[in-house]
Amino acid sequence: MDVNGIEHILISAIKIIVFGVMPLTLAYVCFDFIANIRRFEPPSKREWLAKGRSEQDWEAYKGLLQIERRIYTRDFYIKALAAFVAIIVGILFWISI
Numbered sequence: 001m002d003v004n005g006i007e008h009i010l011i012s013a014i015k016i017i018v019f020g021v022m023p024l025t026l027a028y029v030c031f032d033f034i035a036n037i038r039r040f041e042p043p044s045k046r047e048w049l050a051k052g053r054s055e056q057d058w059e060a061y062k063g064l065l066q067i068e069r070r071i072y073t074r075d076f077y078i079k080a081l082a083a084f085v086a087i088i089v090g091i092l093f094w095i096s097i
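So the sequence shown is residues 1 to 97, counted in the UniProt record's numbering.
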């Protein structure tokens, strides 16, 4: 295979990754975040107390969920930023070829 054939295959692979795989990855990360962020909302205080649990336990559980939500949100930002940077780098690499 000559050099032009290899370059064509390389450019095609970059196009598929940059314009196909990475946007899908970014969309998946965003939809996953939207779908799962609600699981970090605590139950209402009334529901909690109706189950026979103490108010101190509810406060502690609420604080724990806030910490987990912050961690989950930070992880989302890292994943989304990584996918976005990969798209930009891929576009710049594709333009430079």
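Just so it is clear, CB atoms sit at the ideal spot from N, CA and C, and this is done for glycine as well.
Boundaries of the alpha helix (DSSP H) in which S96 is found, first to last residue: Here the alpha helix (DSSP H) through S96 covers E55 to S96.
Cβ pair F40, E68 closer than 8 Å: yes
Inter-residue spacing [alpha-carbon to alpha-carbon] between G90 and Y77: 20 Å
Distance, N4 Cα to Q83 Cα: First, the amino acid is wrong: residue 83 is Ala here, not Gln. So the alpha carbons of these two residues sit roughly 29 Å apart.
Assumed close pair I9, W94 - CB separation to whole angstroms, cut-off 8 Å: 13 Å between Cβ atoms; not a contact.
Collapsed DSSP secondary structure at S44 in the structure displayed: coil
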